[in-house]
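For reference, the structure discussed in these notes is given below.
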Amino acid sequence: MQTHVGVRRICGNNRIVVIVLNAATLSEAQISSGSSSGNRAPGATPPRAFRKPERIDKMLNRPQVIIFDVNETLFSLDAIGDRFAEAGLPAENVQLWFARVLREAFALGCLDARRPFREIGRVELEGLLSAHGVADIESTAKHIFDGFEHLDPYPEVPATFEMLRAAGVRIATLTNGHAEVTERLLKRSGLDGYVERCLSVDNAARWKPFPEPYRFALDVCGVAGSEAAMVAVHSWDLAGAKRAGLTTGYASRLEGGFIPFYPEPDVAGADLVAVAEGLLAFGRDPARADARAEMS
């Protein structure tokens, strides 16, 4: 798969637009027209492979640290879906369950309260199993939860991490789940050597997308918001990160397109490789980038 990054200066307002083209999934015509293939969430805008700054005088730098969400961004929940099916539930009920977990966590955050992922997830899972008439709820819930130790990374994750390491960019993770689970998943997948920090909302007052987890991550990584980027497949996650002052990178793999209720991400692409290339393009001299593009 070949991905091209073009950087162009628009004369008169010192504005830079970064365009990320994934030859396998996105054409220049699609970027111009805003069309794309694939299904999109209701009300979602098409995936955008360009950055449209909110302020034309604000120029973004290449991030020193890129912080990745974990569940559904780095690791697929297919293993959880398989265990739902084994219990007699439709595999797609994973999304229903996950949405209910987030609902309760967000509501608790609005009330200045927090409960860990295991606790909320277990309560919601047992309710769902009961509604489907599962007999042995306790052991079935445990079997499903154990599936989080066996999640597989998405195919583009190793190449994305390798690209960032080669560019000298530090990598961290930030999850609404538990840091120790992320650490075990990375080690199981042979990716632990790339990641400097595995962080969790367990060490913050509230879940993402409230500001505390992002600020906690910045503090631990020792950088300012302008020096870090958050990458995720969830629009709401990036809305929280942007509000906390981070640069944002959106992969449209899950939602099909960025949800229009929130401020646009700084970079968007079909997968993590495209997003990483877009983030790495920030801070480059546009005149040199134009010359390289013309020579290629």
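Numbering (my numbering), first residue to last: 836 to 1131.
Even glycine gets a Cβ: it sits at the ideal position worked out from N, Cα and C.
Taking the CB atoms as reference points, tell me whether residue 1110 and residue 1089 lie closer together than 7 Å.
Contact: no.
Note down the Cα distance separating residue 1101 from residue 895, rounded to an integer number of angstroms.
Looking at the two C-alpha atoms, the distance is approximately 9 Å.
Spell out whether any CB of chain C is found under 7 Å from the CB atom of residue 907.
Of the protein chains in this structure there is only one, and it is not chain C.
Please name the residue in 986, 935, 1064 whose C-alpha comes closest to that of residue 917.
Taking only the C-alpha atoms, the option nearest residue 917 is 986.
Inter-residue Cα distance where the pair is residue 968 and residue 1060:
Computed Cα separation, rounded: 48 Å.
Between residue 1005 and residue 926, what straight-line distance do the alpha-carbon atoms span, to the nearest angstrom?
Going by the C-alpha atoms only, they are around 35 Å apart.
Helix or strand or just coil, what does DSSP make of residue 896?
DSSP, read as helix, strand or coil, puts residue 896 in coil.
Classify residue 1008 as helix, strand or coil using the three-state DSSP reduction.
In the structure shown, residue 1008 sits in a strand (DSSP, three-state: E or B).
Quick check on DSSP: helix, strand or coil for residue 1085?
If DSSP states are grouped into helix, strand and coil, residue 1085 belongs with the strands.
Give me the Cα-Cα distance between residue 989 and residue 1034, rounded to the nearest whole angstrom.
When rounded, the separation of the alpha-carbon atoms in residue 989 and residue 1034 is 20 Å.
Nearest CA to the CA of residue 1045: which residue from 970, 1075, 933, 1001?
The residue with the shortest Cα to Cα distance from residue 1045 is 1075.
Would you mind giving the Cβ-Cβ distance between residue 933 and residue 1008, rounded to the nearest angstrom? I have them listed as a contact below 8 Å.
Incorrect: roughly 18 Å between the Cβ atoms, too far for contact.
Apart from the five residues just before and just after residue 998, which ones in its own chain have a Cβ nearer than 8 Å to its Cβ?
Answer for residue 998: 1108, 1111, 1112, 1115, listed in chain order.
Report yes if the CB atom of residue 958 is closer than 7 Å to the CB atom of residue 1063, and no otherwise.
Pairing residue 958 with residue 1063 gives a Cβ-Cβ distance that is not under 7 Å.
Closer than 8 Å by C-beta to residue 1056: which residues in its own chain qualify, once you throw out the five before and the five after it? Chain order, please.
Shown here for residue 1056: same chain residues with a beta carbon closer than 8 Å to its own, the five before and five after excluded, namely 900, 902, 1005, 1007, 1031, 1032, 1063 in chain order.
If you draw a straight line from the alpha carbon of residue 1132 to that of residue 1095, how long is it in whole angstroms?
Only positions 836 to 1131 of the chain appear in this structure, which leaves residue 1132 out of reach.
By DSSP, does residue 1104 sit in helix, in strand, or in coil?
In this structure, residue 1104 counts as strand in the three-state DSSP scheme.
If we count the other Cβ atoms within 10 Å of its Cβ and call it buried at 16 or more, is residue 1043 buried or exposed?
Taking a 10 Å sphere around the C-beta of residue 1043, we find 16 or more other C-beta atoms and assign the residue as buried.
Quick one: give me the first and last residue of the beta strand (DSSP E) that residue 965 is part of.
First-last for residue 965: 952 to 966, but that is the alpha helix (DSSP H), not the beta strand (DSSP E).
Please state whether the Cβ-Cβ distance between residue 1049 and residue 996 is less than 7 Å.
It is not a contact, given that the beta carbons lie outside the stated cut-off.
For residue 1077, count neighbouring Cβ atoms within 10 angstroms of its own Cβ and tell me buried if that reaches 16, exposed if not.
Around the beta-carbon of residue 1077, 16 or more other beta-carbon atoms lie within 10 Å, marking it buried.
For residue 1034, the first and last residue of its enclosing beta strand (DSSP E)
Taken as a continuous stretch (DSSP letters only), the beta strand (DSSP E) holding residue 1034 covers 1032 to 1035.
Strictly by DSSP, which residues pair up with residue 988?
In the DSSP secondary-structure assignment, residue 988 is bridged to 910.
Same chain only: Cβ atoms within 8 Å of residue 1118, ignoring 5 sequence neighbours per side
Contacts found: 895, 896, 897.
Could you check if residue 984 is buried or exposed, using at least 16 other CB atoms within 10 Å of its CB as the buried criterion?
Classification for residue 984: exposed.
Which residues in the same chain as residue 1025 place their Cβ atom closer than 6 Å to its Cβ, once the five residues preceding and following it in sequence are excluded?
Once the five neighbours on either side are set aside, residue 1025 has no close Cβ partner at all.
How is the beta strand (DSSP E) around residue 1063 delimited, first residue to last?
Here the beta strand (DSSP E) through residue 1063 covers 1063 to 1067.
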